[in-house]
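J.: Protein sequences appear in the order of chains S and R. Count along the first sequence from 1, then add 206; that gives the number in this note's numbering. Count along the second sequence from 1, then add 415; that gives the number in this note's numbering. Just so you know, even glycine gets a beta-carbon here, dropped at the ideal spot from N, CA and C. Computed from a prediction, not measured in an experiment: that's the story for all the values here. The structure's right below; bear with me while I get my questions together.
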Amino acid sequence: MNTAPDTFLYDGSFDGLLTAVAYAVKSQAPVAGVYAEHHYMPTLVAGIRQIKTEREQAQRLFSYLNSLGRMPARLAFNGYLSEDKESANYIHGLVRECLRLGKSAADYFASEPIRNLKGLDKKVSFEAHRLNGLIRFRILKDGLQYAPIEPDHNVISYCANHFIKRLANRRWILHDIARDLALFWDCNTLQPVSVADDFTSFVAENGEVPPEEMAEQELHYQQLWNSFHAAISNPARENHKLQRQLMPKRYWKYLVEVG
Amino acid sequence: MKLSEKLTILADAAKYDASCASSGSSRSNTLDGIGNAAQSGICHSWSADGRCISLLKVLMSNDCLFDCSYCLSRRSNTLPRATFTPEELADLTINFYLRNYIEGLFLSSAVYGSVNRTMADLVAVCRLLRTRHKFNGYIHLKVIPGADQELVRQAGFLVDRLSVNIELPSESSLKLLAPQKTRKAILAPMSQIGEEYAGYRQEKKKSGKAPTYCPGGQATQMIVGASKESDYQILNLTEHLYRRMSLKRVYFSAYIAVNEAPILPAVASLPPLIREHRLYQADWLLRFYRFHASEILSETSPNLDMRLDPKAGWALRNYDLFPLDINRASYEELLRVPGLGMISAQRIVATRRVAPIREEDLKKIGLVMKRAKHFISINGRFLGDRTMSHGQLAAAMYKAETPASKKVLQNSRQLRLFKN
């Protein structure tokens with residue numbers, strides 16, 4: 207029997223991750239780690255196991271995590287969305303703690319993988335929350351609203367959920383420029399769309415949509431927002447360091463009021 | 416006058432309002448409507464002073480009939496005046512909201528025409544937003560003291576939060592600095608809102624069809640440092656407002672000297688930022704840490720220590736209650752340990768349910784031991800230094816202030832250097 211530690215690789219999808227974790231948990235041999243293929247440099251060392259995604263296997267594991275309350279499944283999913291290269295590894299640790307401790311595992315802060323996942327969960331949900339405020343829609347000529355984003359973590363679906371509730375009767379597109387993911391809400395359903403390359407690259411370069419695409423009043427309201435933003439600040443308490451700390455510069459590119 | 420000029424004047428005049436919170440109300444969107452309110456509140460931007468912007472915070476007008484000596488918009492000051500029409504303001508709110516610049520509207524006003532005329536216009540803005548624009552986002556409205564009861568009631572059905580500003584912490588200060596305002600005119604709408612809020616909440620519990628009245632509750636603001644009240648008086652008033660008038664928030668606003676007057680701090684004087692910060696810390700102790708005002712301050716020591724957060728101050732005065740054992744102390748007791756917040760206390764309680772906490776787990780749980788170590792033991796072992804005298808302990812606590820407090824201390828020192 208092979209007792210060299212095994213490394214489990216998956217295709218980068220969430221189902222793939224769960225499948226690989228499931229195989230790692232069942233493995234007889236010691237587990238060296240679980241990684242996405244694109245995060246892992248294949249070496250000639252023995253014990254690499256390429257795991258093919260099995261949707262059924264993945265769903266079984268996910269519903270097991272779900273059966274333990276909201277937290278374990280949430281930790282796994284947000285760990286995945288964080289795109290941290292150790293996240294699958296931590297999720298493996300989480301599943302093992304769940305098997306050992308049952309429902310209370312998610313509260314077990316003394317466990318390292320759970321603590322790490324809690325950290326990632328916090329980063330992901332915090333970034334989604336922060337973006338819900340920092341997203342800026344541009345209104346285009348035909349009334350379609352368009353917002354470019356470049357988040358650290360893959361949080362576009364959380365943001366889309368927020369705006370489905372908020373701008374239900376408006377047509378809008380959320381566009382993650384770096385991952386080139388775009389979601390379109392047509393007042394009924396949310397679906398992925400592709401955005402024209404020249405439009406995307408203009409937005410990426412200028413932090414703004416092409417002027418000929420904008421609605422007539424768009425620049426007017428952008429300027430009004432700028433005046434408000436400047437006027438509401440109290441010069442006696444100016445504190446740019448604090449401003450940058452709370453609204454990091456990496457988000458400024460698509461904000462109307464700074465830059 | 417152009418809209419952008421009005422906006423600049425009326426946002427500038429509103430910047431002394433401390434509140435910009437959009438939390439505490441959850442209003443869902445309707446099928447054909449725009450917007451909803453998030454229970455947790457959402458910040459949409461941060462201004463150059465580092466404060467968050469979540470609401471379009473403006474005055475309806477700065478053209479004031481009153482002449483309160485602490486206020487920039489008072490009648491006797493010469494400055495550009497402007498007044499929005501209700502349509503302009505509703506349009507601005509909707510267009511900012513659609514672009515996701517803001518979470519809603521925070522509307523206040525100087526008194527123009529008459530108290531009731533002003534209040535009626537404010538209510539008109541809210542009505543336009545709710546009915547014509549089908550807006551379901553957050554609205555916080557400042558009630559004009561002395562306004563007709565019926566107008567206040569109508570406002571309650573339209574907005575998420577109402578506030579009546581207390582302005583100054585005592586009747587005598589009001590008389591001195593804002594002679595056209597009276598304690599009675601301020602407290603009457605406050606208790607009206609309190610009663611109606613409680614009443615409609617009861618109704619709502621019985622039947623979902625009952626109208627929603629001011630679901631985010633009531634808030635107020637008072638100016639700190641323009642008049643002579645002690646922190647003890649301020650904190651007692653605050654506690655009274657929370658416990659007896661069931662207010663949701665009390666905001667403190669460090670007085671910024673904008674007018675020259677013999678009864679006020681000089682214009683060159685600095686806003687008491689540290690005092691404001693310590694009051695907010697004490698307020699936090701009242702709202703979340705189950706403290707009473709009388710535990711934090713007393714007649715004999717009526718002012719907060721500017722160098723120390725009020726919880727650390729309390730713990731030093733009550734040192735005989737410590738050390739508390741991490742594995743035995745109740746949640747309420749843990750909350751009283753300096754350096755432990757609600758999150759750490761919750762984590763301790765949750766982790767304990769799985770297994771007793773060991774010393775090496777403390778850091779893993781995420782506890783910052785810098786201040787807590789002087790007040791806790793774990794499985795019988797005291798984590799602080801037994802040989803420390805009370806004075807040394809106090810010095811260590813001064814040194815171990817939180818980064819946020821240190822920043823306020825440092826910034827106000829820089830301001831002082833700069834101005835003198």
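(1) Between the C-alpha atoms of proline 725(R) and aspartate 403(S), what's the straight-line distance to the nearest angstrom?
(2) Just to make sure I have the definition right: I need the residues of chain S whose C-beta is within less than 9 Å of the C-beta of asparagine 742(R). Which are they?
(3) Give me, in chain order, the residues of the same chain whose beta-carbon lies closer than 6 Å to that of asparagine 295(S); leave out the 5 immediate sequence neighbours on both sides.
(4) Are the C-beta atoms of asparagine 826(R) and some chain S residue less than 9 Å apart?
(5) Got a sec: is the Cβ-Cβ distance from aspartate 221(S) to anything in chain R below 9 Å?
(6) Take arginine 490(R) as the anchor and find which of Arg773(R), Thr500(R), Asp478(R) and Thr498(R) has the nearest alpha-carbon.
(7) Counting only beta-carbon atoms, is asparagine 444(R) nearer than 9 Å to chain S?
(8) Which residues of the stretch 481-499 of chain R have a Cβ closer than 7 Å to any Cβ of chain S? Give them in chain order.
(9) For a contact meaning CB atoms closer than 8 Å, what does aspartate 290(S) contact in chain R?
(10) Using Cβ-Cβ distances below 9 Å, what residues of the stretch 335-365 of chain S are close to chain R?
(11) Could you give the uninterrupted runs of the alpha helix (DSSP H) lying entirely in the stretch 364-428 of chain S, keeping only those of 4 residues or more?
(12) When you compare only the Cα positions, how much space is there between tyrosine 813(R) and arginine 722(R)?
(13) Would the beta-carbon of methionine 812(R) be found less than 8 Å away from any heavy atom of the ligand NAD?
(14) Check cysteine 541(R) in the structure and name its three-state DSSP category.
(15) In chain order, what residues of the same chain lie with their CB nearer than 8 Å to the CB of serine 219(S), ignoring the 5 residues before and after it?
(16) Taking any Cβ of chain R, which residues in the stretch 364-391 of chain S have a Cβ under 9 Å from it, in chain order?
(17) Report buried or exposed for serine 587(R), applying the criterion of at least 16 other Cβ atoms within 10 angstroms of its Cβ.
(18) Could you check which residue in Ser804(R), Arg466(R), Leu543(R) and Pro771(R) has the C-alpha nearest to that of isoleucine 509(R)?
(19) Hey, how far is the Cα of leucine 739(R) from the Cα of phenylalanine 268(S)?
(20) What residue from Gly439(R), Leu474(R) and Gly450(R) has the CA that sits closest to isoleucine 438(S)'s CA?
(21) Is the distance from the Cβ of serine 438(R) to the Cβ of glycine 614(R) below 9 Å?
(22) Under the three-state reduction of DSSP, which class applies to tyrosine 704(R): helix, strand or coil?
(23) Give the residues of chain R in contact with methionine 420(S), contact being defined as C-beta atoms less than 7 Å apart.
(24) Do you know whose CA, among Asp427(R), Leu755(R), Lys549(R) and Glu644(R), lies nearest glutamate 714(R)'s CA?
(25) How would you call methionine 803(R), buried or exposed, if buried means at least 16 neighbouring beta carbons within 10 angstroms?
(26) For a contact meaning CB atoms closer than 8 Å, what does histidine 435(S) contact in chain R?
(27) Consult DSSP for isoleucine 617(R) and reduce its assignment to one of helix, strand or coil.
(28) Which chain S residues sit within Cβ distance under 8 Å of aspartate 427(R)?
(29) Let's see if you can read the secondary structure: which residues bound the beta strand (DSSP E) around tyrosine 666(R)?
(30) Report the three-state DSSP secondary structure of glycine 308(S) (helix, strand or coil).
(31) I'd like the ranges of any beta strand (DSSP E) spanning at least 3 consecutive residues and lying wholly in the stretch 445-520 of chain R.
(32) In whole angstroms, what is the alpha-carbon distance linking glutamate 816(R) and glutamate 618(R)?
(33) Counting only runs of 4+ residues fully inside the stretch 630-658 of chain R, write out the alpha helix (DSSP H) ranges in chain order.
(34) Does the Cβ-Cβ distance between valine 409(S) and isoleucine 379(S) come in under 9 Å?
(35) Sorted by chain position, which residues of the same chain lie with C-beta nearer than 8 Å to valine 682(R)'s C-beta, five sequence neighbours on each side aside?
(36) Mapping DSSP to helix, strand and coil, what is proline 354(S)?
T.: Here's the rundown:
(1) 57 Å
(2) Neighbours of asparagine 742(R) on chain S: none; closest Cβ ~13 Å, over 9 Å.
(3) Gly239 and Val240
(4) yes
(5) no
(6) Asp478(R)
(7) yes
(8) none
(9) Chain R residues near aspartate 290(S): none, gap ~18 Å exceeds 8 Å.
(10) His335, Arg336, Asn338, Gly339, Leu340, Ile341, Arg342, Phe343, Arg344, Ile345, Gln351 and Ala353
(11) 403-412
(12) 6 Å
(13) This structure does not include the ligand NAD; it has no bound ligands of any sort.
(14) helix
(15) Thr259
(16) His368, Phe369, Lys371, Arg372, Leu373, Ala374, Asn375 and Arg376
(17) exposed
(18) Leu543(R)
(19) 41 Å
(20) Leu474(R)
(21) no
(22) coil
(23) Ordered by position in chain R, no residue passes the 7 Å Cβ test against methionine 420(S), which lies about 12 Å from the chain.
(24) Glu644(R)
(25) exposed
(26) Ser460, Ser462 and Ile468
(27) In the sequence as presented, isoleucine is not what sits at residue 617(R); that position holds glutamine. Helix.
(28) Ala437 and Ile438
(29) 664-669
(30) helix
(31) 470-474
(32) 47 Å
(33) 646-658
(34) no
(35) Ala672, Val673, Asn674 and Glu675
(36) strand
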